[in-house]
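Let me begin by presenting the structure, written as structure tokens, before commenting on it.
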Amino acid sequence: MIFIGYNDERFVSEINITMQKAMSNAVPRFLADHTALDLLNTVEIIDGKQCDLWQTSDDVKLWLSKAGLLLHTGKMDIQGDSLLNEARTLRETVRELVESKKNGQSLPIGKLNDYLAQSGSYPALKVGEEGILSIARIYQPETAKQLLGPLAEQAADLLAYADFSLVRECENHECCLWFYDKTKSHRRRWCSMAVCGNRHKVAKFRQNQKDAD
Ligand SMILES: [Zn+2]
């Protein structure tokens with residue numbers, strides 16, 4: 548599935564139409580085996596329509612928390628839709644990079660680097676139990692870009708280190724979810740065996756029945 552840039556007018560109007568149909572009870576699934584791909588999967592196709600699981604800044608906060616990426620230590624004070632807007636822009640930036648890398652195209656890395664630069668994180672030495680020292684990264688919670696810093700780092704990690712022959716989209720053409728195939732056999736085909744895998748099995752079974760008739 549090809550997404551056009553988030554800043555593109557067509558895409559924004561698409562968001563306004565389909566994404567306002569919030570799926571208030573839709574729960575983001577973490578099935579991609581890489582957080583940066585789970586990020587892309589916060590847009591799903593449901594009943595043939597493209598739906599954004601992020602409708603408010605609180606949806607983004609909840610997702611970050613479930614992804615284990617709310618890593619700041621201070622009090623969060625980000626108002627309005629700024630987190631929602633920045634998170635959606637980061638997501639479509641990452642989507643463009645992932646698709647470009649899959650297609651062997653040149654990578655527009657500037658925008659992602661901007662998120663990384665503005666995350667404002669820094670390393671700090673910590674004293675743990677029995678005086679054992681470790682280095683931890685400290686994150687700031689003051690701006691949306693800072694809050695999204697750990698997520699931007701995950702995206703950079705995927706782009707720099709993942710084996711992209713194993714970064715794939717679900718084979719169900721009515722699905723747009725991505726995954727990182729970490730199975731031993733590297734033959735994963737579906738976002739989820741329980742959903743798209745079974746759907747395929749049922750369709751195949753019906754086809755076989757038909758052919759046998
Ligand atoms: Zn699927």
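Position one of the sequence shown corresponds to residue 548 (the numbering used here), numbered consecutively onward. Even glycine gets a Cβ: it sits at the ideal position worked out from N, Cα and C.
What ranges does the alpha helix (DSSP H) occupy inside the segment 581 to 607, keeping only unbroken runs of at least 4 residues that lie completely in it? 582 to 587
Helix, strand or coil: how does DSSP classify Glu689 here? In the sequence shown, residue 689 corresponds to position 142, counting from 1. In this structure, Glu689 counts as coil in the three-state DSSP scheme.
Is the number of C-beta pairs between the segment 659 to 678 and the segment 602 to 610 that are closer than 8 Å three or more? Not touching, per the Cβ criterion.
Host alpha helix (DSSP H) of Leu659 (start-end): Looking up residue 659 in the sequence shown gives position 112. It spans Gly657 to Ala664 - the alpha helix (DSSP H) in which Leu659 sits, taken as one unbroken run.
Collect the residues with a C-beta less than 7 Å away from any heavy atom of ligand 1 and give them in sequence order along the chain. Residues whose Cβ lies closer than 7 Å to any heavy atom of ligand 1, listed in chain order: Cys717, Asn719, Cys722, Leu724, Trp737, Cys738, Ser739, Val742 and Cys743.
My guess is that Leu578 and Ser739 are in contact by the Cβ rule of under 8 Å, so how many angstroms apart are they, rounded? Translated into positions along the sequence shown, residue 578 becomes position 31. Translated into positions along the sequence shown, residue 739 becomes position 192. Yes, Leu578 and Ser739 are in contact; Cβ-Cβ is about 5 Å, under 8 Å.
When the Cα atoms are used, what is the spatial distance from Asn719 to Trp725? In the sequence shown, the residue the question calls residue 719 occupies position 172. In the sequence shown, the residue the question calls residue 725 occupies position 178. In a straight line, the C-alpha of Asn719 is about 11 Å away from that of Trp725.
Range covered by the beta strand (DSSP E) that runs through Val714: Here the question's residue 714 lines up with position 167 in the sequence shown. Looking at the DSSP string, the run of the beta strand (DSSP E) that includes Val714 is Val714 to Glu716.
Which class does Ala707 belong to by DSSP, given the choice of helix, strand or coil? Here residue 707 corresponds to residue number 160 of the sequence shown, with the count starting at 1. Helix.
Gly627 classed as buried or exposed, judged by whether at least 16 other C-beta atoms fall within 10 angstroms: Along the sequence shown, read from residue 1 onward, the residue named residue 627 stands at position 80. Looking at its Cβ environment, which holds fewer than 16 other Cβ atoms inside 10 Å, Gly627 is exposed.
Just the C-alpha distance for Lys673 and Tyr686, rounded to the nearest angstrom, thanks. Locating residue 673 in the sequence shown gives position 126, counting from the first residue. Locating residue 686 in the sequence shown gives position 139, counting from the first residue. Computed Cα separation, rounded: 14 Å.
In whole angstroms, what separates the C-alpha of Ala683 from that of Gly696? The count along the sequence shown starts at 1 and reaches residue 683 at position 136. The count along the sequence shown starts at 1 and reaches residue 696 at position 149. If you take the alpha carbons of Ala683 and Gly696, they lie about 15 Å apart.
Quick one, are the C-beta atoms of Trp690 and Ile625 less than 8 Å apart? Residue mapping note: residue 690 aligns to position 143 of the sequence shown, counting from 1. Residue mapping note: residue 625 aligns to position 78 of the sequence shown, counting from 1. Here residue 690 turns out to be Thr, not Trp, going by the sequence shown. Result yes, Cβ atoms of Thr690 and Ile625 sit closer than 8 Å.
For Arg753, count neighbouring Cβ atoms within 10 angstroms of its own Cβ and tell me buried if that reaches 16, exposed if not. To locate residue 753, count along the sequence shown from 1; it is residue 206. Burial call: exposed.
Classification of Tyr708 by the beta-carbon crowding that lies within 10 angstroms, buried from 16 upward: As a working mapping, residue 708 is identified with position 161 in the sequence shown. When all chains shown are included, Tyr708 counts as exposed.
Can you tell me where the alpha helix (DSSP H) with Val641 in it begins and where it stops? As a first step, residue 641 is located in the sequence shown; it is residue number 94 there, counting from the start. Per DSSP, the unbroken alpha helix (DSSP H) holding Val641 starts and ends at Ser629 to Lys649.
Ends of the alpha helix (DSSP H) at Phe752? Your numbering for residue 752 matches position 205 in the sequence shown. Its alpha helix (DSSP H) spans residues Asn745 to Ala759.
Tell me whether Ser732 sits in a helix, a strand or coil according to DSSP, three-state version. Position 185 of the sequence shown, counted from the first residue, corresponds to residue 732. Ser732: coil per DSSP, three-state reduction.
Who are the Cβ neighbours of Phe711 in its own chain at under 8 Å, not counting the five residues just before and after it? Locating residue 711 in the sequence shown gives position 164, counting from the first residue. Correct list, in chain order: Lys648 and Lys649.
Out of curiosity, what's the CA-to-CA distance linking His747 and Val574? Counting from 1 along the sequence shown, the entry for residue 747 is found at position 200. Counting from 1 along the sequence shown, the entry for residue 574 is found at position 27. Going from the Cα of His747 to the Cα of Val574 covers about 23 Å.
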